[in-house]
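When the count follows the numbering used here, it moves up by one through the sequence shown with no breaks and lands on 1646 for the last residue.
Data first, discussion second: the structure below is written as structure tokens.
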Amino acid sequence: MIIAGVDEAGRGSLVGPVVAAAVIMEDRYLFSYKEIKDSKCLTPSQRERAFEYICSKATSISVGVVSHKFIDEFNILNASLEAMKRAVCGLCIKPDLLLVDGIYKIPISIPQKCIKKGDKINKLISAASIVAKVYRDRIMVAYHNNYPVYNLAKNKGYPTKEHLQVLKKIGPSPIHRLSYKNVREVYAH
């Protein structure tokens, strides 16, 4: 049976896309590398190393990216599910089963098991979590070059105190999610 782990990154960010990853990986590789765990429990350098390992050992990896405009139009839940769907559809092998982080099924006709906190308890979902997080972080670092005042290379678009202060002072960038309360409140003034 071919199983893919699926997770997303960037739901709580105020900026940019939500990114999902789908990973198919043999157990012998998955369980032989101790740093495959929830991406939020790893340092940036640990995540990068784990990302490189996963990319070198996975049978198939795919990433789905959904823009801030899609998020604003259809909401973050629908955007996350769409990103996951895109990631799964991009796999070079069709899985027999999806292990999905969270409680919502992806709108796709493949059997799924949703696992609450799956990124913490399932290594395949953890691998997808790492791929999605590293991929999205790299997008944020690239955005930082265009919008350095928001310090996206450091905060990755999340609502840190510094980010919120800059947002209040100069308003949102063209890549901020205008449907988000923190951004909308500033944008309305």
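Just so it is clear, CB atoms sit at the ideal spot from N, CA and C, and this is done for glycine as well.
Owing to the predicted nature of the structure, the values given are computational and were not obtained by experimental measurement.
Hey, how far is the Cα of residue i from the Cα of residue j?
i: Lys1580; j: Val1606; result: 37 Å
i: Ile1514; j: Gln1622; result: Looking at the sequence shown, residue 1514 is not Ile but Lys. Cα-Cα distance, rounded: 42 Å.
i: Glu1492; j: Leu1499; result: 8 Å
i: Lys1613; j: Ile1565; result: 29 Å
i: Glu1619; j: Leu1609; result: 11 Å
i: Gly1469; j: Leu1534; result: 11 Å
i: Glu1465; j: Val1523; result: 11 Å
i: Gly1628; j: Glu1505; result: 32 Å
i: Lys1573; j: Asn1602; result: 36 Å
i: Ile1550; j: Lys1542; result: 14 Å
i: Met1458; j: Tyr1604; result: 45 Å
i: Asp1576; j: Gly1473; result: 22 Å
i: Ser1489; j: Tyr1510; result: 11 Å
i: Ile1582; j: Val1475; result: 17 Å
i: Leu1471; j: Pro1631; result: 12 Å
i: Tyr1600; j: Ser1519; result: 22 Å
i: Asp1484; j: Tyr1615; result: 33 Å
i: Arg1595; j: Lys1494; result: 19 Å
Less than 7 Å between the CB of residue i and some heavy atom of the ligand SAM, yes or no?
i: Ser1630; result: As presented, the structure is devoid of all ligands, the ligand SAM included, so that no description of it is given.
Where does the unbroken alpha helix (DSSP H) through residue i begin, and where does it stop?
i: Gly1575; result: 1575–1578
i: Ser1513; result: 1501–1514
i: Ile1627; result: 1618–1627
i: Tyr1486; result: 1484–1487
Would you mind working out which of the options sits nearest residue i, comparing C-alpha positions?
i: Asp1558; options: Val1480, Asn1608, Asp1594, Pro1616; result: Val1480
i: Lys1548; options: His1525, Ser1537, Thr1500, Gly1521; result: Checking the sequence shown, residue 1548 turns out to be Leu, not Lys. Checked all of His1525, Ser1537, Thr1500, Gly1521; the closest Cα to Leu1548 is Gly1521.
i: Ser1517; options: Ser1470, Ala1544, Leu1538, Arg1593; result: Ala1544
i: Val1591; options: Tyr1490, Arg1485, Gly1473, Pro1501; result: Pro1501
i: Val1463; options: Phe1508, Leu1538, Val1523, Asp1484; result: Leu1538
i: Ala1477; options: Arg1641, Ala1584, Ala1599; result: Ala1584
i: Gly1467; options: Glu1642, Val1588, Leu1624; result: Val1588
i: Ile1578; options: Val1640, Ser1496, Gly1473; result: Ser1496
i: Val1640; options: His1525, Ile1511, Tyr1510, Phe1488; result: His1525
i: Leu1555; options: Ala1536, Gln1569, Ile1459, Cys1546; result: Gln1569
i: Tyr1486; options: Lys1611, Ala1507, Pro1616, Ala1536; result: Ala1507
i: Ala1540; options: Ile1460, Tyr1561, Asp1553; result: Tyr1561
i: Lys1626; options: Lys1611, Val1643, Thr1617, Tyr1615; result: Val1643
i: Ala1536; options: Ile1460, Ile1563, Ile1567; result: Ile1563
Note the first and the last residue of the continuous beta strand (DSSP E) segment covering residue i.
i: Lys1570; result: 1569–1572
i: Asp1495; result: First-last for Asp1495: undefined, no H or E at that position.
i: Glu1465; result: 1460–1466
i: Ser1519; result: 1517–1523
Taking three-plus beta-carbon pairs below 8 Å as touching, is the region 1515–1530 in contact with the region 1634–1644? yes
Give the list of continuous alpha helix (DSSP H) stretches no shorter than 4 residues that lie fully inside the region 1529–1605. 1533–1546, 1575–1578, 1580–1603
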